[in-house]
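Novice: When we follow the working numbering, the leftmost residue of the sequence shown carries the number 365, and every step to the right adds one.
Where a beta carbon is used, it is the ideal one built from N, C-alpha and C, also for glycine.
If you scroll down you'll find the structure; I have some questions about it.
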Amino acid sequence: MKSPFVILTAFTENEKYEFHQLEKFPVTLGRGYEADVCIDAVSVSRLHLRFALNSAKQLMIENLSTTSGTYYKGMKIDELMLTPGVYSINLGRTELAFELLERDDLQDDDQAWFYLPDSNNQFDGKFTESEIMQMIEHGKIGKNTLLRHQRKIFKAAGIEHYLNGAPGNDEVIGDNAEGEIICPHCWWRFNYENLLYIAENPALTGDPILGEDAGARFTPSSFNVRGQALDSLGTVAARHACPNCHLYLPEVVLQKNSDEVVISVVGPPSSGKSFLLTSMMWELRNTLGSDFGYSISDADPVCNKILIEYEDIFFSNNDQNAIVTLRKTEEQGELYNEVKLDENYFQLPTPFFFNVKALGHTRRNRLAKDKTFVLYDNAGESFQPGKDITLNLSTRHLAHSDIIFFLFDPLQDPRIRKTLLGNADRKIAGADHVCRQDIYISELVNRLRKNNTSYKNLFEKTLVITVPKFDAWQELLTCDVPETPWRPGPHGIAELDYGVICSVSLGVRNFIERFNPAVVHNAEAFFANVIYIPVSAIGKNSSLQTVGNGVGVKVSDIDPYWITVPFLHTMMEQGLLDCHEVESAGSYEKVVSVAHDGKFCTAFGGKNYTLSKFYLKRVLTCPETGKRFMITAPKEGIKEKRPAVDDEIGSLLDEFAG
């Protein structure tokens, strides 16, 4: 009797491949630890199905799930008898592709490639890797065609990742991967025809995912003469919901031409993320139009409701002598939505949505493209090591973010705090909370590695290390920080003085490295682009006062400082803002840099630096010597040779020492 052998591939809803080889039966599959094969997907039940042999030694699958179910060719099944061949089944929203072989069917040639034509249920082969690649290039093999190589099955869209040793990630995977809409809550992809509507009639309440008090979700079957969807009681339903998590979707998410920039705000507890966002958005509303020719508005006031309330507490308070504070962001509550998926409850964060548009009178009105900025704020506890588990979906937005703001809080660093407290006239308000913030950087890196397997050397997205509470630690910074890092430009539109921003960034980097070098080194070992920006949400002259277990500030004292610079830097990276160059202003030295693993290695002031591309060809000020310098382009021919890089840096250091 031939022994069955199963090569199984799971295309999970978080767009990952999972490979498994099954040789001994029975084998159970599910999301829970008790399953023999664990499939990390929300729609998979803890024990979902079983591969087992019947009395005739024939292999069959048995459905064990009472909620999501098991589907074959669109039909829900309890059992399915298997014969050698290729199968595609669905466990809820997770697709399983598997091939049943018998021992005599296994190929001896592990280098051969096979593909599954649309016309039959058997793989065609043997092909070489180059032949398979040519068939893909010439369109004979489509991106959703199943390939088999070395007992693994995957879709042709993921072949480059497979060859690089990391199948999956950002290629087209699963039935939902080509959806036109991405839910900003659960990151499920779907098409417009799958949109759910939210019943507006108060008599229609109750949802299996959101609870009894939520408005009923439904697929419309009747419409009025204007084409508007009607609920079962004839009331117009104008709001939409995600077909997966059933949460409300702002209209900006449904716009086909929407250009989104996703920003994740990360940091330890009590680092001031809510203070940062509150002051940042208030200042941007008041200065972005007058200085830079852009408007910023709430793309959806419903989603931005809490942040608007925070702005009112700080900046629209009639009592200027009031001591105000903001509620601590918890891991559940007003910033989160609780959903029930497959008998488990999840807390999904509500993002903030902002539209940024060029004003009509500016010279850029015909060139600049409107953008939607989507910001995610989480409780600091969500970023603690060990919190990134299957049942915690609250920080999954990190995998989709374009920019990450990491808040390094100097007042939570024991070495910095000790230095500040050593000054007799220095008082630090608030609880004596300290933490290892390098661990939070490491946790951030680990989560990004887990969800982004396609990067090779350095992660290309930008990390903005935002250093809050500048009013409390400014005396420890050796460089000057001007009131505003921008200057008037042509047509009355301000331009960022990027040389100033980078010089301040070098100074802040030097400050952090002096007290906590692990934060700098862990960040720059992973991210290709890192910049350091000091901010104060309340202003340099404000004084904090203890309020219960937190801190408050007098309304009349609030005067934010550099609070908009992280966002302005993001706008510059997105091509929305211009930079002001000051190379001709005064004298400066030229420092030769060397290309090295995607960064620029250079030496100045007797110290070796490895810096991001932001600093190249900018007139900067050394935070240690006060000398002005500019990092030039790398020398030709150095890039490919690692030893030559080290030799070049050594000679630069010798030259500076002499």
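1) Below 8 Å CB to CB, which residues in the same chain sit around Cys943 once its five sequence neighbours on both sides are set aside?
2) Would Leu648 and His610 be called neighbours here (beta carbons separated by less than 7 Å)?
3) In or out: Phe587 buried (at least 16 other Cβ within 10 Å) or exposed?
4) In chain order, what residues of the same chain lie with their CB nearer than 7 Å to the CB of His384, ignoring the 5 residues before and after it?
5) Taking the beta strand (DSSP E) that Ala858 belongs to, which residues open and close that run?
6) Helix, strand or coil for Leu784, going by three-state DSSP, please let me know.
7) If we ignore side chains and look at the alpha-carbon of each, how far apart do Gly598 and Phe582 end up?
8) Confirm, please, whether the CB-CB distance from Phe415 to Glu387 is below 7 Å.
9) Is the CB of Lys981 under 7 Å away from at least one CB in chain C?
10) State the Cα-Cα distance for the pair Arg603 and Gly438, rounded to the nearest angstrom.
11) With burial defined as no fewer than 16 other Cβ atoms inside 10 Å of the residue's Cβ, what is the status of Leu417: buried or exposed?
12) Quick one: what does DSSP say His412 is sitting in, helix, strand or coil?
13) Please report the straight-line C-alpha distance between Leu822 and Ala593, rounded to a whole angstrom.
14) By Cβ distance, which residues of its chain are closer than 6 Å to Glu953, with the 5 residues on each side in sequence left out?
15) Please name the residue, chosen from Thr431, Ala722, Ile523, Ser635, that lies closest to Cys799 on a Cα-to-Cα basis.
16) Use the C-beta contact count for Ala374: other C-beta atoms within 10 angstroms, 16 or more gives buried, fewer gives exposed.
17) What residues are listed by DSSP as bridge partners for Asn708?
18) Is Ala743 helix, strand or coil by DSSP?
19) Give the range of the beta strand (DSSP E) segment to which Phe978 is assigned.
20) What separation, rounded to the nearest whole angstrom, lies between the Cα atoms of Leu841 and Cys866?
21) Helix, strand or coil: which one does DSSP assign to Thr754?
22) Does the Cβ-Cβ distance between Lys507 and Ala521 come in under 7 Å?
23) What is the DSSP secondary structure of Leu762, reduced to helix, strand or coil?
24) Using the Cα positions of Lys825 and Ala686, report the straight-line distance between them to the nearest angstrom.
25) Measuring CB to CB, does Phe770 end up less than 7 Å from Leu827?
26) Less than 7 Å between the C-beta atoms of Gly396 and Arg410, yes or no?
27) Count the other CB atoms, across all protein chains shown, that sit within 10 Å of the CB of Asn650; report buried if there are 16 or more and exposed otherwise.
28) Which partner residues does Gly871 have in the DSSP bridge list?
29) Three-state secondary structure (DSSP) at Ala890?
30) Tell me whether Met644 is buried or exposed, calling it buried when 16 or more other Cβ atoms sit within 10 Å of its Cβ.
31) Report yes or no: do three or more beta-carbon pairs, one from the segment 717-726 and one from the segment 656-673, lie closer than 8 Å?
32) Which full runs of the alpha helix (DSSP H) of 4+ residues lie inside the segment 610-676, going along the chain?
Specialist: With the given structure in hand:
1) Excluding sequence neighbours, Cys943 sits near Glu859, Leu860, Asp861, Tyr862, Met936.
2) With a cutoff of 7 Å on beta-carbon distance, Leu648 and His610 are scored as not near each other.
3) With fewer than 16 other CB atoms across the displayed protein chains lying within 10 angstroms of its CB, Phe587 is exposed.
4) Answer for His384: Leu372, Val401, listed in chain order.
5) DSSP places Ala858 in the uninterrupted beta strand (DSSP E) bounded by 858-861.
6) Looking at Leu784 - three-state DSSP - the assignment turns out to be helix.
7) CA-to-CA, the gap between Gly598 and Phe582 works out to about 13 Å.
8) The beta carbons of Glu387 and Phe415 sit no closer together than 7 Å.
9) The structure shown has no chain C; it contains just one protein chain.
10) Going by the C-alpha atoms only, they are around 29 Å apart.
11) Here Leu417 is exposed, its C-beta having fewer than 16 other C-beta atoms within 10 Å.
12) Here DSSP, grouped into helix, strand and coil, assigns His412 to coil.
13) Spanning the two alpha carbons is a distance of roughly 48 Å.
14) A distance below 6 Å between beta-carbons, with the five flanking residues on each side excluded, links Glu953 to the following residues of its chain, in chain order: Phe993.
15) Closest option to Cys799, judged by alpha-carbon separation, among Thr431, Ala722, Ile523, Ser635: Ser635.
16) With 16 or more Cβ atoms within 10 Å of its Cβ, Ala374 is classed as buried.
17) According to DSSP, Asn708 shares a beta bridge with Leu705.
18) If DSSP states are grouped into helix, strand and coil, Ala743 belongs with coil.
19) That residue, Phe978, is in no beta strand (DSSP E); it is neither H nor E in DSSP.
20) Rounded to the nearest angstrom, the two C-alpha atoms are 14 Å apart.
21) Because Thr754 sits at a pLDDT of 49, beneath the cut-off of 50, its placement in the model cannot be relied upon, and the point is left open.
22) Taking 7 Å as the Cβ cut-off, Lys507 and Ala521 qualify as a contacting pair.
23) The DSSP-derived three-state label of Leu762 is helix.
24) Lys825 and Ala686: Cα-Cα distance of roughly 41 Å.
25) Pairing Phe770 with Leu827 gives a Cβ-Cβ distance under 7 Å.
26) Against a cut-off of 7 Å, the Cβ pair of Arg410 and Gly396 comes out as a contact.
27) Exposed is the call here.
28) BP columns for Gly871 are empty, so no partner.
29) First, the amino acid is wrong: residue 890 is Phe here, not Ala. When secondary structure is reduced to three states using DSSP, Phe890 falls in the helix class.
30) When all chains shown are included, Met644 counts as buried.
31) Using a C-beta cut-off of 8 Å, the segment 717-726 makes contact with the segment 656-673, since at least three inter-stretch Cβ pairs fall below that distance.
32) Runs of the alpha helix (DSSP H) inside the segment 610-676: 615-618, 637-656.
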